[in-house]
Every structure is written in structure tokens, then in C-alpha cells.
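Chains G and E supply the protein sequences, listed in that same order. So the first sequence is numbered by our numbering: it starts at 40 and just counts up by one. So the second sequence is numbered by our numbering: it starts at 9 and just counts up by one. Think of the CB as a built atom: it goes at the ideal place given N, C-alpha and C, for glycine as much as any other residue. Nothing here was measured: the structure is a model prediction, and the numbers come from that model. A short write-up of the structure that comes next.
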Amino acid sequence: MSRLLIRGGRILDPATGRDEPGDLLAEDGRIVAVGRSLDGRGAEVLDAEGGWIAPGFVDLHAHLREPGQEYKEDIASGGRAAVAGGFTAVACMANTHPVNDDPAMTDYILDRARQDSPARVYPVAAATRGQKGETMTEMAALVEAGAVAFSDDGRTIMDSGVMRRVLEYSRLVGVPVISHCEDRTLVRDGVVNEGAVSTRLGLPGNPAVAEVVHVERDIRLAALTGAHLHVAHVSTAGAVEVIRRAREAGVNVTAEVSPHHLTLTDEACLGYDTNTKVAPPLRSAPDVAACRAGLVDGSLDAIATDHAPHAQHEKDQEFTEAPPGMIGFETAAAVVLDLVRAGELSPLELVRRLSTNPARILRRAGGSLAPGEVADVTVLDPDRRWVYEPAKGWSKSRNSPWAGRELVGRVVATVVAGRLVYHADRGVLVP
Amino acid sequence: VIGRDLLGIEDLERSDIERILEAAVHMHEIGEREVKKVPTLRGRTVVNLFFEASTRTRASFEIAGKRLSADVVNFSPSSSSLKKAESILDTARTLDAMDPDAVIVRHAVAGVPKRIADVLEAPVINAGDGAHEHPTQALLDLFTVQQEKGRIDGLTVTIVGDIVHSRVARSNIYGFLKLGAEVRVAAPPPMIPPAVETLGVKAFTSLREALDGADVVMALRIQNERLAGSYFPSVREYSATYGLDRAKLRYAKDDAIVMHPGPVNRGVELSHDLADHRPSVILDQVRNGVAIRMAVLYLLAGRRRRAAGEPGDAR
């Protein structure tokens, strides 16, 4: 019998509304008790030192690059970076090489994860074969193999008829269809948010309306089909508004927002740093404010990193050529703590959006500290100052706009299934 | 004192611009001598790093460097990412190891000179990057207007054409505004950059209104092949609406001058007649380009080499 006692922290459990000082005791992978002065005889003891004790963070959106692009990341390095960022589970997108559009590939990813990843890995399968936007994948077989959702992600399904059938058919398996909402005919060659910044930079603009019209389309299709639509990385005030109205009207839509879209504006692109190039692009200050407001009022459910590793030589290219995306696991918690410091979210409500809500969207265990739940736990010191150096991080890639920046708030320890898998002073401990 | 590099007019102070224009007066004078050469940059190496094809600008920089006795090397890596074996930053690092005294960079993508300057020891001069900036073009335009009008302060400058894709427009907008002119842009609506008024200009779709009271009219090149059908319906309609000829020029001031960064699409942006005769000053612009580039090379490449950590080390 293995026992782990996490002692002396602030228990934050959005599932039960609990926010009070206490300990947490796990036994054989499950939470057995939460409360004051628990008896930890025979248990491994982890001192939380006044930090937050939260249900493990669940990332709805990440790119682990395996198979096919292991020079950027693999399941082992991605899984380590995830737990170092407090994520006990990550959903990995299907744009691997080959694409995860087949049960054998889903199986392979899960097999690699079991061997190599300290974090739970939830494969998101492609919605269409080869992510070509034409023929739907074998959703029943993929879910059977372990797929948790369907998405063509950055290869947005532009054919509305195909998207309608994908959404309709997804009702058979009851998992969400995740949509990267950008109308490619409006995006064209745009690489930064269209506006004053794109004009100053002289780079092709990607207009906010490209996202808004696509979110509107997908919501109409979700309303028509009754399927669960999950909107990936919302970045615009317009999309937040469309989603808010749809939820009021009872449409089965959920949505996520990334740490970068909550805290950085397109002005971060002014030095042509390709680590600020991301899809959708960093937007204007009013868009950032609207995303924050949407996260606070519940129009947006969850924070998801869109962790997207790319190699240095790829980011060393011209701004138009460099691949979009930034790594995000290890900085996410510190970055989004900004909403707590700004008084916009309570610690409990922030944890809800990092853990409880994303677990619920994927219909997975976790997101709760109630006795009997899986012992996936994140311990976070919200005040700890540190300088983020990607080279010392766990990801294989270094493409972060926060490189070299001082951040406030750091994951102290991460527990998956009752096992301590990461400790800030000791590094990643298993496998 | 101007900075280490010349990446854009946006980064310059009014006094920096005035200093370059002053230096160009002397350089202009050298160009009028029988022996058009001074030893100022003897023993210095200037590299023309042109990722994007250019004849005119490259020749202008080359002549400028040679008149100052610099050794000028032309380096034109392919800018096609398919053919490319190394990233732009690899190219820059390779070049840096050869220890040049100045590197002049042109690239079809905005921001490349800035990123190269970030890794290079030598000063970088932007010879045009995508739709971002073309600072020496703006400086030669300012110099030409100064020559023609005796001042820039208080003038009204109207830039006509493909503003959204134009680095010349951006650099001139910053330059003329910093020297006290009013700047207007006129274009078909799709060619007016988003939020252009944040740069401090007034945008017009009516050429007539934009020209009203203008002292300087600058027409920009239209890239027919790429843009017709998406940014405007046809070259014929563009020419009829925004092409400058003597009839349309009457909306401007009587003594207005006409400028163009070249090469001119005759009969599209400018009528044949205007392309060749006053009040257009196109060949003066070209001539002044050499003087401006000499001035910039003199001010940047002529500096004593910095030792790391030395006082005045701009990094």
C-alpha cells in the first residue's frame, strides 16, 4: 500500500467549493482524506509550505509531436514538461506524422505514453482522414482505442457540409469536436493580428473577423446537430461574444483560451520575434480584455496551453516562414496567475478553469479533490519568483515569448495517481 | 547621434534625420566633382546582402560605397525557402565571421534586417524589407523635397497608390511627419492599411480630395500582376481613378512636384508625359539616392570599431 501525505497547504477544490488550509492524503492512487492534521503514519510526506493544493491541471490542447517530429518534442519530453508545469493530463492534437486518424495510431500514442510519460496523455484523433477535411474518421473505433475528442485543429475544416456531418456523427460517440476556428479564406497569408500593429510591422494581417465568422458557423452547426462543439484557443472579443450568446441560447458549446491570449497583445510582435508568432495571432488589448472577461464570466470554460514546440532553426526563419506556435506547459500557471493578482479570478475559480472544467469537457477523471477521486494533484506556490530559461526546462524546444523573463508563481510538486512525479527542487522523478 | 543601425525612419529622431540630410549635402557635392571619390572608408568592407532582387538600389549603394573608397561586396543568397539550405540567421552569422564594417540588407519579408542586426556585430542598413521600411528611399525623398521646396515643415505631402504593401510609403510617412509636414494617403480602399490613421496620416479614397492643396505628390508603383482583381478590379480602372496625369495634378497646388520611387509603370501610376517631365523630379531622386547612401555609410560604417564593453558600445 503506497501512501502520500501532502501537508500544510491551502486546499483548493472547485468541485466541492472547498478553500481552506489543510492536508491531503492519498492511498493507492486515490484521495482518501482531505482535512486538518491528517495522520500520515507510514506515508511519504510532501510539505506544501503554504502553497496551493489543487486537483491536477488538465490541458485540453497540446502538441507532443510524436510520432514524426521528435526533434521538436516527444511524448517523454512533452510529458515531463507537462508535469513540470503542473499538468497531470494533457490532450495531444492529431497533427503528428502520420496523422492520428487511425485506431492503431491512437493505440501507439497511448502505449508510448504508458511507458514514457509521467503525465496522463489523452489522444485527440483527427476528425477527417489525414486532416484533409474530406472524409470523416472511424470515430467509434477511435474512441474505443482511447481517443477523447476529434479535431483537425490548425487544418480547419473549411467545407461546412463536412463539418456538419462530423458534428452529427460525433453524437454517436458522445465526445467533443474541437474546432480551430479561422476562416482560411480570410486569413490568407496573415501572420500577425490585422490592425495598427500589422500596419507598423508591414506584415500581412490576420483579421479578427476570420475567427469570429468561423466560430459563428460552427456554433450554428452545433445548434443544428446537437453535438458538443469545443472552440479551441479563442482570441477575439467577437468570438467571446458569439460564444456567450450561444451558451445563453442553450447550444452545447464549450471553449478554451490560452495563457498567451489572456496576457499578451500583438504589440509583443513589434520586435519581429518569431516566438510571438502563433495561430490565432496575438490580438489587440480590447481582445485580451474580452478574453479575460469571458473566462471570468464563464463564457470560456478552460485555460489550455496550445503547447506547440518548434526547433530553433525553424524559428530562425523569416517571420512569414517560421511555423506558428509557442511552448507553454512550464509557464502556464505563472502566466495565468496574473488574473488572480489582478483581482479578476479567485484562486478557486482559476483552478476550476485549469482543472475541473477541462476534465469535465473531456469527460475524464480528475478535477476534484473529493475522497475517492484519482489522486492527481498539483501543488503551486503562487508567490515564488523565478526566471524562466527554456534551456533549463523539460521541453525539447525553446520557443517561448517568456524566455528570460521573471515569472511569479511556480509549480512546486505534481502528483499523478498518488505518485510524486515532479518536484521543483528534485525535477521529474518518474518514469 | 544616430544609432548603431539604420533599420527604419520610425526609430529616428528629427535631429538624426537632419544630420543625415546635412551630411548628404557634402556627399552630393562630391558627386559633382570630376573625380568622384574620397578616401573616407578606405580599408572598410561593405556588404550588399540582397535576398530580394534589386538593380537600382543595389547599384546606388554600390556606387555610394565606392565613392567613399570602401570595398563593396555583393552577396545575393536565394530567398526561396525551398532552395534555402540555411536560415537567415545562419547566413547572418556566417557573414559576421567575415568581419564586415557594414551590411546592407534587402529582403522581401518585413523584419529580416532587424533580426539580422540582432545577431550581427557590424551595423545593418535596411535597403527595404517587405512592406515595412525603406529608410534610405525616404531620406532621399526628403532630401529632394528640401532641395525643391527649401523646407519640409508645413508642406502637404500626398502619397498615392499601394500604401498597404509599400515600405516606401511607411518610411516616407514617418520621415515627413517627423520633419513637420502633413501627410495624406490616397488609394483604393483595399490598399489603405488597417488603422493607418494611427501613423498620423489622413486617408482618402478620393484622389481629388487628397490632392487638394498638396505641395508634393508621390505616386507608388503598382504590382499589376499580383494585385489586379483582388485589390482593384483592373489596371485600366486603377489608372483612370488613381493614375496621375496633368489634368488630375491640377487639383494640387500650382507648384506641386511629382515623385515616384521607380521603376514607373508608365501609363498606370503616371502618364508618360509626367514620368519624363517636370514637375516630376524622378531622376533627381535617383541622383540624390547616391548622396544619401554615402551619408549613411559615412555615419555608420565609418565609425571606429567598438571593442566589447567599451564606453559608447551601443549594445
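Practice problem: Measuring only between beta-carbons, confirm whether ALA139 (chain E) sits less than 9 Å from chain G. | Solution: Chain G, which has a Cβ nearer than 9 Å to the Cβ of ALA139 (chain E), makes this yes.
Quiz item: According to DSSP, what are the bridge partners of MET365 (chain G)?
Solution: G:HIS346
Self-check item: Classification of GLY48 (chain G) by the beta-carbon crowding that lies within 10 angstroms, buried from 16 upward
Solution: Around the Cβ of GLY48 (chain G), a 10 Å sphere holds 16 or more other Cβ atoms; the residue is buried.
Practice problem: Check whether the Cβ atoms of GLY405 (chain G) and THR127 (chain G) sit closer than 9 Å, and answer yes or no. | Solution: At a Cβ-Cβ threshold of 9 Å, GLY405 (chain G) and THR127 (chain G) count as neighbours.
Quiz item: Going along chain B, which residues have a C-beta under 7 Å from SER237 (chain G)?
Solution: Reference to chain B is not applicable here, since the protein chains of this structure are G and E.
Quiz item: Apart from the five residues on each side of it in sequence, which residues of its chain come closer than 7 Å, Cβ to Cβ, to ALA324 (chain G)?
Solution: THR304
Self-check item: TYR110 (chain G): contacting residues in chain E (beta-carbon distance under 8 Å)
Solution: Within chain E, no residue comes near TYR110 (chain G); the closest Cβ sits about 15 Å away, beyond 8 Å.
Self-check item: Given ARG331 (chain G) as reference, the closest of G:ASP198, G:LEU376, G:ARG119 once Cα atoms are compared
Solution: It is G:LEU376.
Quiz item: Nearest to GLY234 (chain G) by CA position, among G:ASP86, G:CYS308, G:MET132, is which residue?
Solution: G:CYS308
Practice problem: Taking only the alpha-carbon atoms, compute the straight-line gap between PRO94 (chain G) and ASP415 (chain G) and give it to the nearest angstrom. | Solution: 6 Å
Quiz item: For HIS219 (chain G), which residues of its own chain have a beta-carbon under 6 Å away from its beta-carbon, when the five flanking residues on both sides are left out?
Solution: ASP192, GLY193, THR195, ALA271
Quiz prompt | Minimum Cβ-Cβ distance from ASP305 (chain G) to chain E less than 9 Å | solution = No, its Cβ sits nowhere closer than 9 Å to a Cβ of chain E.
Exercise. Specify whether the region 153-162 of chain E and the region 37-44 of chain E touch according to this definition: at least 3 beta carbon pairs, one from each stretch, less than 8 Å apart.
Key: no
Quiz item: Where does GLU129 (chain E) fall in DSSP's three states?
Solution: coil
Quiz item: chain G beta carbons: is any one of them nearer than 9 Å to that of VAL120 (chain E)?
Solution: Yes, contact with chain G.
Practice problem: Compare the C-beta of HIS39 (chain G) against all C-beta atoms of chain E and say whether one is closer than 9 Å. | Solution: Absent from the structure is residue 39 (chain G), since the part of chain G shown begins at 40 and ends at 470.
Exercise. Would you kindly work out how many angstroms separate the C-alpha atoms of ALA328 (chain G) and VAL281 (chain G), rounded to a whole number?
Key: 16 Å
Quiz prompt | Span separating the alpha-carbon of ALA303 (chain E) from that of ASP228 (chain G) | solution = 37 Å
Quiz item: For GLY16 (chain E), which residues of its own chain have a beta-carbon under 6 Å away from its beta-carbon, when the five flanking residues on both sides are left out?
Solution: GLU141, PRO143
Quiz item: Going along chain G in order, which residues have a C-beta closer than 9 Å to the C-beta of ALA98 (chain E)?
Solution: The amino acid occupying residue 98 (chain E) in the given sequence is Asp; Ala does not appear at that position. Neighbours of ASP98 (chain E) on chain G, chain order: HIS352, ASP355.
Quiz item: My guess is that LEU114 (chain G) and LEU99 (chain G) are in contact by the Cβ rule of under 8 Å, so how many angstroms apart are they, rounded?
Solution: Looking at the sequence itself, residue 114 (chain G) is Ile, so the reference to Leu does not match. At roughly 17 Å, the Cβ-Cβ gap does not stay under 8 Å, so ILE114 (chain G) and LEU99 (chain G) are not in contact.
Practice problem: Please confirm whether ALA135 (chain E) and ARG75 (chain E) have their CB atoms less than 9 Å apart. | Solution: no
Quiz item: If you draw a straight line from the alpha carbon of PRO241 (chain E) to that of ILE200 (chain E), how long is it in whole angstroms?
Solution: 15 Å
Practice problem: Compare the C-beta of GLY443 (chain G) against all C-beta atoms of chain E and say whether one is closer than 9 Å. | Solution: no
Exercise. Give the single residue among G:ILE45, G:ASN291, G:VAL335, G:GLU412 whose Cα lies nearest to the Cα of LEU77 (chain G).
Key: If you compare the alpha carbons of G:ILE45, G:ASN291, G:VAL335, G:GLU412 with that of LEU77 (chain G), the shortest gap goes to G:ILE45.
Exercise. Could you name the residues of the region 268-301 of chain G whose beta carbon sits closer than 9 Å to any beta carbon of chain E, in the order they occur along the chain?
Key: Taking 9 Å as the cut-off between beta carbons, none of the residues of the region 268-301 of chain G comes near chain E.
Quiz prompt | THR135 (chain G) vs GLU105 (chain G) beta-carbon contact at 9 Å | solution = yes
Self-check item: Endpoints, the alpha helix (DSSP H) within which ASN296 (chain E) is located
Solution: 290-309
Self-check item: Inter-stretch contact at 8 Å, needing at least 3 Cβ pairs: the region 307-321 of chain G / the region 423-442 of chain G
Solution: yes
Quiz prompt | Classification of LYS3 (chain E) by the beta-carbon crowding that lies within 10 angstroms, buried from 16 upward | solution = Here chain E comprises residues numbered 9 to 323, so residue 3 (chain E) is not present and cannot be evaluated.
Quiz prompt | Amino acids of chain E, ordered along the chain, whose beta-carbon sits closer than 9 Å to that of GLY234 (chain G) | solution = PRO202, ALA203, THR206
Quiz item: At what residue ranges does the region 57-105 of chain E contain a whole run of the alpha helix (DSSP H), taking only runs of 4 or more?
Solution: 64-75, 96-104
Quiz item: To which residues of the same chain is LYS157 (chain E) closer than 7 Å at the C-beta, ignoring the five residues directly before and after it?
Solution: LEU163, ASP223
Quiz item: If we call anything under 9 Å between Cβ atoms a contact, is ALA372 (chain G) one with LEU301 (chain G)?
Solution: Going by C-beta atoms, ALA372 (chain G) is not nearer than 9 Å to LEU301 (chain G).
Practice problem: Enumerate in chain order the residues of its own chain whose CB-to-CB distance from LEU384 (chain G) is below 8 Å, with the five nearest sequence positions on each side excluded. | Solution: LEU334, VAL335, LEU378, ARG392
Quiz item: Taking the alpha-carbon positions, what's the THR264 (chain G) to ALA189 (chain E) distance?
Solution: Whole-angstrom Cα-Cα distance: 59 Å.
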